[in-house]
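*Asks:* The following block contains the structure, expressed as structure tokens.
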Amino acid sequence: MGGVVASAPGKLILFGEHFVVKGYRAIATSISLRARVRVEDTSGSWVELHSPTLGVRSRIPLDLSRSAGGELDVYVEILRALRKEGFSIVPHRVVVESEMPVAAGLGSSAATSVAYTLAYTTLLGSPLYGENLLRVSFEGERVAHGRPSGIDTTIAALGGTILYRRGEKPAPVSARIPEGYVFLVADTGLKRSTRDVVDYVLRVAEMMGEAGEQVYAVADKVVEKAVKALESGDMELLGNLMYFNHGLLVAVGASNLALDTIVDIARMRGALGAKLTGAGWGGCAVILARRGDVEVLRGELERHARMVKVINVNVPGATVENILSK
Ligand code: PMV
Numbered sequence: 015m016g017g018v019v020a021s022a023p024g025k026l027i028l029f030g031e032h033f034v035v036k037g038y039r040a041i042a043t044s045i046s047l048r049a050r051v052r053v054e055d056t057s058g059s060w061v062e063l064h065s066p067t068l069g070v071r072s073r074i075p076l077d078l079s080r081s082a083g084g085e086l087d088v089y090v091e092i093l094r095a096l097r098k099e100g101f102s103i104v105p106h107r108v109v110v111e112s113e114m115p116v117a118a119g120l121g122s123s124a125a126t127s128v129a130y131t132l133a134y135t136t137l138l139g140s141p142l143y144g145e146n147l148l149r150v151s152f153e154g155e156r157v158a159h160g161r162p163s164g165i166d167t168t169i170a171a172l173g174g175t176i177l178y179r180r181g182e183k184p185a186p187v188s189a190r191i192p193e194g195y196v197f198l199v200a201d202t203g204l205k206r207s208t209r210d211v212v213d214y215v216l217r218v219a220e221m222m223g224e225a226g227e228q229v230y231a232v233a234d235k236v237v238e239k240a241v242k243a244l245e246s247g248d249m250e251l252l253g254n255l256m257y258f259n260h261g262l263l264v265a266v267g268a269s270n271l272a273l274d275t276i277v278d279i280a281r282m283r284g285a286l287g288a289k290l291t292g293a294g295w296g297g298c299a300v301i302l303a304r305r306g307d308v309e310v311l312r313g314e315l316e317r318h319a320r321m322v323k324v325i326n327v328n329v330p331g332a333t334v335e336n337i338l339s340k
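Dropping the structure here:
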């Protein structure tokens with residue numbers, strides 16, 4: 015074999031971000047924007063890493079005794095995790111590309127980690143899928159990125175839609191999005207640190223005392239109703255729950271002017287629902303609309319967002335796209 019191309023989907027948190035930090039439930043779904051990784055056999059004595067998306071390049075020795083530096087370290091950690099599982103480390107070249115904006119809450123990093131793990135293990139002739147793929151990719155992400163929640167890696171590996179609570183195994187949600195409805199993501203283009211927003215929101219919740227607790231409990235009820243709306247394909251209810259969830263995120267201080275503007279425009283232009291997704295203070299908003307309304311909506315949103323894309327949700331997880339012969 016000369017090489018392998020594998021891909022994995024990004025994710026959207028549809029409901030419950032931030033509230034999930036204090037042990038309440040959240041819903042996340044896979045999206046049709048994917049990270050794609052190509053690995054190729056080489057004759058050298060290195061692992062060569064290149065990410066045109068991030069504009070970085072590095073190479074590391076086969077004994078993995080050196081880190082790659084910065085963003086590329088995660089690939090070294092994945093190789094270390096694979097070595098622990100008995101996989102050999104052979105010379106190869108890695109090229110990573112992502113259709114998602116980075117650091118915008120769409121799970122680009124986890125998707126590339128999962129796609130790389132699948133591509134490399136396929137190159138070796140023992141592809142990892144499902145829970146095994148998830149375990150090794152998450153180990154790499156965990157060491158390289160501190161304490162990720164695991165939502166992004168789960169979605170990238172397994173695809174579909176999940177109901178998630180910290181410390182518990184995610185439960186699949188059988189989401190049904192009827193014909194004629196679409197989701198859009200709008201990227202504010204504003205970068206932020208998830209950690210900073212999470213700390214701020216926790217401080218706000220703490221300050222509000224019992225009132226704060228009640229907002230968290232209400233958010234959990236919203237998640238419960240949203241599972242039912244997704245499973246029954248009730249898009250009108252789902253949309254209203256999105257607006258409602260956005261309001262709760264505003265209450266705890268996770269939104270900002272750019273996100274509120276997108277949500278307000280969506281509401282004025284007849285979208286069924288909209289909310290910020292992920293940490294907030296920038297990053298992306300997600301909008302649910304009737305297909306017939308998309309063009310007008312997109313035109314309007316593009317005046318206020320750096321990127322607007324129509325996406326499918328609830329798509330399949332990691333997959334091998336292409337086997338390249340020598
Ligand atoms: O923006 P993201 O994808 O990093 O999502 C953050 C989600 C939070 O609930 C705000 C934090 C977390 O760890 O769950």
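For the sequence shown, position 119 (counting from the first letter as 1) is numbered 133 according to my numbering, and the numbering increases by one without interruption.
Here a beta-carbon is modelled for each residue, glycine too, at the ideal position from N, C-alpha and C.
Closer than 7 Å by C-beta to glycine 16: which residues in its own chain qualify, once you throw out the five before and the five after it? Chain order, please.
*Replies:* Glu54, Asp55, Leu338, Ser339 and Lys340
*Asks:* Using a 10 Å radius around the Cβ and a threshold of 16 neighbouring Cβ atoms, would you call glutamate 153 buried or exposed?
*Replies:* buried
*Asks:* Please report the distance separating the alpha-carbon of alanine 158 from that of alanine 82.
*Replies:* 11 Å
*Asks:* Identify every residue that forms a DSSP beta bridge with isoleucine 325.
*Replies:* Phe197
*Asks:* What is the rounded straight-line gap between the Cα of glycine 194 and the Cα of arginine 304?
*Replies:* Straight-line Cα distance between these residues: approximately 6 Å.
*Asks:* With a Cβ-Cβ cutoff of 9 Å, do arginine 179 and tyrosine 38 count as a contact?
*Replies:* yes
*Asks:* Below 7 Å CB to CB, which residues in the same chain sit around alanine 129 once its five sequence neighbours on both sides are set aside?
*Replies:* Ala20, Ser21, Ala22, Ala49, Arg50, Val51 and Ala332
*Asks:* For leucine 28 versus threonine 175, is the C-beta spacing smaller than 9 Å?
*Replies:* yes
*Asks:* Three or more C-beta pairs closer than 8 Å, one from the stretch 310-324 and one from the stretch 224-237: is that the case here?
*Replies:* no
*Asks:* Of all the alpha helix (DSSP H) runs that stay within the bounds of the stretch 138-212, which reach a length of 4 or more residues?
*Replies:* 144-159 and 165-172
*Asks:* So does the stretch 73-80 actually touch the stretch 90-108, counting three or more Cβ pairs closer than 8 Å?
*Replies:* Yes: the two stretches touch, three or more of their Cβ pairs being nearer than 8 Å.
*Asks:* Alpha carbons only, please: which of Gly296, Pro192 and Ile279 is nearest the one belonging to aspartate 210?
*Replies:* Gly296
*Asks:* Roughly how far, in whole angstroms, is the beta-carbon of lysine 25 from the beta-carbon of isoleucine 165, given that I think they are within contact range, below 8 Å?
*Replies:* 7 Å
*Asks:* Ends of the alpha helix (DSSP H) at asparagine 254?
*Replies:* 249-265
*Asks:* With DSSP as the reference, identify every bridge partner of histidine 64, one or two as the case may be.
*Replies:* Bridge partners of histidine 64 according to DSSP: Arg71 and Val109.
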